[in-house]
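For reference, the structure is listed below as structure tokens.
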Amino acid sequence: GENVEQHPSTLSVQEGDSAVIKCTYSDSASNYFPWYKQELGKGPQLIIDIRSNVGEKKDQRIAVTLNKTAKHFSLHITETQPEDSAVYFCAASIKGNFGNEKLTFGTGTRLTIIP
Amino acid sequence: NAGVTQTPKFQVLKTGQSMTLQCAQDMNHNSMYWYRQDPGMGLRLIYYSASEGTTDKGEVPNGYNVSRLNKREFSLRLESAAPSQTSVYFCASSEQESQPQHFGDGTRLSIL
Numbered sequence: 597g598e599n600v601e602q603h604p605s606t607l608s609v610q611e612g613d614s615a616v617i618k619c620t621y622s623d624s625a626s627n628y629f630p631w632y633k634q635e636l637g638k639g640p641q642l643i644i645d646i647r648s649n650v651g652e653k654k655d656q657r658i659a660v661t662l663n664k665t666a667k668h669f670s671l672h673i674t675e676t677q678p679e680d681s682a683v684y685f686c687a688a689s690i691k692g693n694f695g696n697e698k699l700t701f702g703t704g705t706r707l708t709i710i711p
Numbered sequence: 020n021a022g023v024t025q026t027p028k029f030q031v032l033k034t035g036q037s038m039t040l041q042c043a044q045d046m047n048h049n050s051m052y053w054y055r056q057d058p059g060m061g062l063r064l065i066y067y068s069a070s071e072g073t074t075d076k077g078e079v080p081n082g083y084n085v086s087r088l089n090k091r092e093f094s095l096r097l098e099s100a101a102p103s104q105t106s107v108y109f110c111a112s113s114e115q116e117s118q119p120q121h122f123g124d125g126t127r128l129s130i131l
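Chains as they are written, first to last, in the numbering used here: chain F, 597 to 711; chain B, 20 to 131.
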């Protein structure tokens, strides 16, 4: 099955600097790659996603890049703010044996923004 | 907008007790999912329902059962709780498979 590895597990950056979180996946048939942000005591919230026919997608200070050849994708947050502090999860979607799509999640990155 | 609502938010059980976790969504989504989240392991899929009337096993189904009661509701049952099932359980829904999933705020379950 699909395996998703996420690095780093913890990341501290100065407010205003950029943060980058990287994920690799194992199955070349994966075609959908969402990123989720989870604040303490809350459920994960989708912040951006990308499909395999696109190499990059931006939404204000957040961007995701996808390299299908190398099977990795990254989350970029620019001009970081204290409210960006949270745990971030990447995921990859793969069709199962009966055509059903399932998400496999990375193990998460705890991002801390230092004021 | 309520989105995905999970009940209860917290629960403590004794080993061997049974319990049903409830999940309801008001977005008219077809697909619903149950995950568990353990420290350092991300979210792991327990069961999912691609559409009303269907359910399928995920990565870690042992010890659990599910019921897709109707399009809105998807429940998770622990028949005989074990300490290894201590976790935070999240329900999610999506319009279709491979579409963005929307999560509830979780049920924190402790089994003594």
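For glycine and all other residues, C-beta sits at the position ideal for the given N, C-alpha and C.
This one's a predicted model, so the numbers in the text were calculated from it and none came from an experiment.
Local conformation of residue i per DSSP, three classes
i        : result
PRO630/F : strand
SER99/B  : coil
ASP75/B  : strand
GLU679/F : helix
LYS33/B  : coil
THR708/F : strand
HIS48/B  : coil
SER117/B : coil
THR24/B  : strand
ASN84/B  : strand
ALA43/B  : strand
GLU92/B  : strand
THR126/B : strand
LEU636/F : coil
For residue i: DSSP bridge partner residues
i        : result
ASN55/B  : The amino acid occupying residue 55/B in the given sequence is Arg; Asn does not appear at that position. Paired residues: ARG63/B and TYR108/B.
ARG647/F : TYR628/F
LEU699/F : SER689/F
MET38/B  : LEU97/B
ASP655/F : ILE658/F
ALA69/B  : ALA69/B is not bridged to any residue.
GLU601/F : THR620/F
SER614/F : Bridge partners of SER614/F: none, in fact.
LEU131/B : Note: LEU131/B sits in no beta bridge, so no partner.
THR606/F : ARG706/F
Closer than 9 Å at the beta carbon, the chain B residues around residue i
i        : result
LEU642/F : PRO119, GLN120, HIS121 and PHE122
ASP645/F : PRO119
Chain B residues whose Cβ lies nearer than 7 Å to that of residue i
i        : result
THR703/F : GLY59, MET60 and GLY61
SER689/F : SER117
Any non-hydrogen atom of the ligand PLP closer than 7 Å to residue i Cβ
i        : result
LEU607/F : Ligands in the displayed structure: none, and consequently the ligand PLP is not present.
Chain F residues whose Cβ lies nearer than 7 Å to that of residue i
i        : result
GLY72/B  : Going along chain F, no residue has its Cβ under 7 Å from GLY72/B, so there is no contact; the nearest lies around 14 Å.
GLY125/B : GLY639
8 Å Cβ cut-off: residues of chain F touching residue i
i       : result
PHE29/B : By Cβ distance, chain F contributes nothing, its closest Cβ being about 11 Å from PHE29/B, past 8 Å.
GLY77/B : LYS698
*Against chain F: residues of the segment 49-64 of chain B by CB proximity under 9 Å*: Those residues of the segment 49-64 of chain B placed with their C-beta closer than 9 Å to a C-beta in chain F are SER50, TYR52, TYR54, GLN56, GLY59, MET60, GLY61, LEU62, ARG63 and LEU64, ordered along the chain.
*Three or more C-beta pairs below 8 Å linking the segment 52-61 of chain B and the segment 104-112 of chain B*: yes
*Could you list the residues in the segment 622-639 of chain F with a C-beta less than 9 Å from some C-beta on chain B, going in chain order?*
ASN627, TYR628, PRO630, TYR632, GLN634, GLY637, LYS638 and GLY639
*Is it a yes or a no for the segment 668-686 of chain F touching the segment 34-47 of chain B, going by three-plus beta-carbon pairs under 8 Å?*
Contact fails: fewer than three Cβ-Cβ distances are below 8 Å.
*the segment 702-709 of chain F in contact with the segment 56-66 of chain B per 3-pair CB rule at 8 Å*: With a cut-off of 8 Å, the segment 56-66 of chain B and the segment 702-709 of chain F count as touching, because enough Cβ pairs lie within range.
*Given 8 Å as the limit, is there contact between the segment 39-49 of chain B and the segment 629-641 of chain F, that is, 3 or more CB pairs closer than that?*
no
_Members of the segment 85-115 of chain B near chain F, C-beta cut-off 7 Å_ = PHE109
*For the segment 672-686 of chain F against the segment 609-628 of chain F, are there 3 or more C-beta pairs whose distance is under 8 Å?*
yes
*Can you give me, in chain order, the residues of the segment 664-691 of chain F that have a beta carbon less than 7 Å from any beta carbon in chain B?*
PHE685 and SER689
*Evaluate the contact criterion for the segment 603-610 of chain F versus the segment 656-670 of chain F: three or more CB pairs, one atom per stretch, below 8 Å.*
Look at the beta carbons and you see the segment 603-610 of chain F not touching the segment 656-670 of chain F: under three pairs across the two are nearer than 8 Å.
*Cβ pair count under 8 Å reaching 3, the segment 617-634 of chain F against the segment 678-687 of chain F*: Flag = yes, the segment 617-634 of chain F and the segment 678-687 of chain F touch.
*asked:* Is it the case that the segment 619-632 of chain F contacts the segment 114-129 of chain B, given that we only count it when at least three CB pairs across the two stretches are under 8 Å?
replied: yes
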